[in-house]
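Chemist: Below is the structure I would like to discuss, written out as structure tokens.
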Amino acid sequence: MTDEQLLHDLLIGNEKAFRLLVDTYKNMVFNTVLGFIQNRDDAEDVTQNVFIRVFETVSGFKQQSKLSTWIYRISVNESLDFIRSRNRKKRWAVITSLFGSNNELLHQAGHNDHPGIITENKEKAAILFEAINKLPDKQKTAFLLQKTQDCSQQKIAEIMQINEGAVESLLTRAKANLKKSLINYYTE
Amino acid sequence: MKAQKNIEELVDETLNTLNGIQPVEANNFLFGKIQNRMQMGSCEQVARIKMLSRLSAALLLFIGLNVGSYYFLSGNSQKPQSVQQKTTPAQAFASEYHLSGSQYNY
Chain A
51 MTDEQLLHDL
61 LIGNEKAFRL
71 LVDTYKNMVF
81 NTVLGFIQNR
91 DDAEDVTQNV
101 FIRVFETVSG
111 FKQQSKLSTW
121 IYRISVNESL
131 DFIRSRNRKK
141 RWAVITSLFG
151 SNNELLHQAG
161 HNDHPGIITE
171 NKEKAAILFE
181 AINKLPDKQK
191 TAFLLQKTQD
201 CSQQKIAEIM
211 QINEGAVESL
221 LTRAKANLKK
231 SLINYYTE
Chain B
178 MKAQKNIEEL
188 VDETLNTLNG
198 IQPVEANNFL
208 FGKIQNRMQM
218 GSCEQVARIK
228 MLSRLSAALL
238 LFIGLNVGSY
248 YFLSGNSQKP
258 QSVQQKTTPA
268 QAFASEYHLS
278 GSQYNY
């Protein structure tokens with residue numbers, strides 16, 4: 051089934067078409083989200099949000115880009131929204147812990163562990179993800195799409211709706227910032 | 178110098194940890210879970226609409242009662258004022274002690 055047929059069927063509310071869409075793109079969405087969130091349970095929740103959003107907004111899709119590019123874009127936005135909300139909760143947890151009876155964190159953050167990383171790299175990957183999480187959103191998005199999804203610069207440019215030169219610049223700055231961050235980590 | 182070289186090696190190794198990242202399979206029951214969430218979402222939406230309509234009805238009733246009581250009370254309070262305007266305190270005193278006219282009944 052082509053993207054056009056799939057979109058047509060989705061617009062008329064065909065459940066089979068939606069199931070096909072989920073089955074076709076679930077691994078792509080899940081792995082993209084996992085790159086940002088690094089927690090299986092949270093990534094699964096965000097993946098569900100992505101498909102619900104796709105279903106709700108499919109009538110607004112103008113077909114100026116490929117369906118996969120549009121779904122990538124929604125995945126990135128939902129992941130970044132989730133991270134912002136998680137950071138807000140963390141800040142709130144710090145405040146509430148000040149007023150808690152035992153001075154404990156009342157809202158524990160989920161454990162970060164990307165299941166796609168091989169065991170021998172897990173320790174170093176955790177350090178790298180900590181540095182990635184400190185990057186500005188655009189640098190983080192470009193870097194993660196390249197590293198975890200193996201996206202070309204052209205594809206990243208389409209997803210982020212910027213030109214290829216800007217993507218190259220974002221990737222260069224992301225790598226430089228990560229290197230600086232890691233040097234600081236290892237020299238401390 | 179050696180330490181710096183070690184650090185650079187460590188940084189490079191760390192930066193390359195994402196190179197061999199394995200794709201992870203999504204949950205096989207994802208579609209069912211999404212359907213569940215969508216149904217729950219629509220139920221929640223209906224409940225939210227019901228609660229909002231009840232709240233707005235209560236608010237309308239409250240405003241209506243207040244406006245009604247304002248007009249009722251202001252209408253009532255205007256009547257004694259008009260009486261007071263017609264009878265001055267001297268007239269009221271005169272009528273109380275029957276001083277207003279020559280109608281004495283001995």
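Quick mapping for you: the protein sequence lines, in order, are chains A and B. Under the numbering used here, the residues of the first sequence are numbered 51 to 238, in order. Under the numbering used here, the residues of the second sequence are numbered 178 to 283, in order. Glycine included, each C-beta is placed from N, C-alpha and C at the ideal position. Predicted model, so just to flag it, every value in this text is computed and none were measured.
Have a look at A:Leu178, A:Ile133, A:Leu117 and A:Thr97 and flag the residue whose alpha-carbon is nearest the alpha-carbon of A:Lys197.
Modeler: Selected option, being the one with the closest Cα: A:Leu178.
Chemist: Check whether chain A comes within 8 Å of B:Arg225, counting only Cβ atoms and requiring the distance to be less than that.
Modeler: Cβ-Cβ to chain A under 8 Å: no for B:Arg225.
Chemist: Given that a residue counts as buried once 16 or more other Cβ atoms are within 10 Å of its Cβ, and exposed if not, what is A:Ser231?
Modeler: So A:Ser231 counts as buried.
Chemist: Would a check of beta-carbon distances place A:Val126 closer than 8 Å to chain B?
Modeler: No, A:Val126 does not count as interfacial toward chain B.
Chemist: Could you name the residues of chain A that B:Leu242 contacts, counting a contact when the two beta carbons are closer than 9 Å?
Modeler: Within 9 Å Cβ-Cβ: nothing; B:Leu242 doesn't reach chain A, min ~40 Å.
Chemist: Would you mind telling me which residues of chain B sit closer than 8 Å to A:Val72, beta carbon to beta carbon, in chain order?
Modeler: In chain order: Leu207, Phe208 and Ile211.
Chemist: Measure the C-alpha to C-alpha separation of B:Leu192 and A:His164 and round it to an integer number of angstroms.
Modeler: The straight-line gap from Cα to Cα measures roughly 15 Å.
Chemist: Suppose the cutoff is 7 Å on Cβ atoms and the five residues either side in sequence are ignored; what does the same chain contact list for A:Asp59 look like?
Modeler: The answer, listed in chain order, is Ala67.
Chemist: Grouping DSSP H, G and I as helix and E and B as strand, with all else coil, what is A:Asp200?
Modeler: Three-state DSSP puts A:Asp200 in coil, outside helix and strand.
Chemist: For A:Leu117, name the three-state secondary structure that DSSP assigns.
Modeler: In this structure, A:Leu117 counts as helix in the three-state DSSP scheme.
Chemist: Distance cutoff 8 Å, beta carbons only. Does A:Phe86 sit that close to anything in chain B?
Modeler: For A:Phe86, the answer is no, since every Cβ of chain B falls outside 8 Å of its Cβ.
Chemist: Using 10 angstroms around the beta-carbon of A:Trp120, count the other beta-carbons present and answer buried if the total reaches 16, otherwise exposed.
Modeler: Burial call: buried.
Chemist: What's the C-alpha gap between B:Ala224 and A:Lys190?
Modeler: Cα-Cα distance, rounded: 39 Å.
Chemist: Please list the residues of the region 177-201 of chain A that have a C-beta atom closer than 7 Å to any C-beta atom in chain B, keeping them in chain order.
Modeler: So the close ones are Ile177, Leu178, Lys197 and Thr198.
Chemist: Out of A:Ala143, A:Ala192, A:Glu128 and A:Trp142, point me to the one whose CA is closest to A:Ile87's CA.
Modeler: Among A:Ala143, A:Ala192, A:Glu128 and A:Trp142, the Cα nearest to that of A:Ile87 belongs to A:Glu128.
Chemist: Taking the alpha helix (DSSP H) that A:Gly215 belongs to, which residues open and close that run?
Modeler: Run containing A:Gly215: Glu214 to Thr237, per the alpha helix (DSSP H) assignment.
Chemist: Any beta carbon of chain B sitting closer than 8 Å to that of A:Glu218?
Modeler: Judged by the 8 Å Cβ criterion, A:Glu218 is not in contact with chain B.
Chemist: Any Cβ of chain B within less than 8 Å of the Cβ of A:Ser226?
Modeler: For the record, residue 226 of chain A in the displayed sequence is Ala; it is not Ser. Answer no: the Cβ-Cβ gap between A:Ala226 and chain B never drops below 8 Å.
Chemist: Is it true that the region 231-247 of chain B meets the region 104-113 of chain A, where meeting means three or more beta-carbon pairs spaced less than 8 Å apart?
Modeler: Because the criterion of three Cβ pairs below 8 Å is not met, the region 231-247 of chain B and the region 104-113 of chain A do not touch.
Chemist: A:Val217 and A:Gln199: beta carbons closer than 8 Å?
Modeler: No, the Cβ-Cβ distance between A:Val217 and A:Gln199 is not below 8 Å.
Chemist: Residues of chain A with CB closer than 7 Å to the CB of B:Met215, please, in chain order.
Modeler: Result: Ile102.
Chemist: Among A:Asp91, A:Thr222 and A:Ser125, which one has its Cα closest to the Cα of A:Val72?
Modeler: If we check each option's Cα against that of A:Val72, A:Ser125 comes out closest.
Chemist: Going by C-alpha to C-alpha distance, which of A:Ser118, A:Asn183, A:Ala143 and A:Ala207 sits closest to A:Thr52?
Modeler: Of the candidates A:Ser118, A:Asn183, A:Ala143 and A:Ala207, the one whose C-alpha sits nearest the C-alpha of A:Thr52 is A:Ser118.
Chemist: Does B:Tyr247 come out as helix, strand or coil in the three-state DSSP assignment?
Modeler: Note: B:Tyr247 maps to helix in three-state DSSP.
Chemist: Would DSSP call A:Leu185 helix, strand or coil?
Modeler: Reduced to three states, the DSSP call for A:Leu185 is coil.
Chemist: Any beta carbon of chain B sitting closer than 8 Å to that of A:Ala175?
Modeler: Yes, A:Ala175 lies at the interface with chain B (some Cβ there is under 8 Å from its Cβ).
Chemist: Comparing C-alpha positions only, which one of A:Lys172, A:Phe193 and A:Ile209 sits nearest to A:Leu220?
Modeler: Checking every option, the nearest Cα to that of A:Leu220 belongs to A:Phe193.
Chemist: Kindly list, in the order they appear in chain B, the residues whose Cβ is closer than 7 Å to that of A:Glu214.
Modeler: Under the 7 Å cutoff, chain B gives no residues; its nearest Cβ is about 22 Å from A:Glu214.
Chemist: From which residue to which residue does the alpha helix (DSSP H) around A:Asp92 run?
Modeler: Segment Arg90 to Thr107, the alpha helix (DSSP H) holding A:Asp92.
Chemist: Would A:Val75 and B:Leu187 be called neighbours here (beta carbons separated by less than 8 Å)?
Modeler: The amino acid occupying residue 75 of chain A in the given sequence is Tyr; Val does not appear at that position. Cβ atoms of A:Tyr75 and B:Leu187: not closer than 8 Å.
Chemist: Since I believe B:Phe208 is in contact with A:Arg69 (beta carbons under 8 Å), could you give me their beta-carbon distance rounded to a whole number of angstroms?
Modeler: About 5 Å separates the two Cβ atoms, so the contact holds.
Chemist: I need the boundaries of the alpha helix (DSSP H) containing A:Met78, first residue and last residue.
Modeler: Taken as a continuous stretch (DSSP letters only), the alpha helix (DSSP H) holding A:Met78 covers Glu65 to Ile87.
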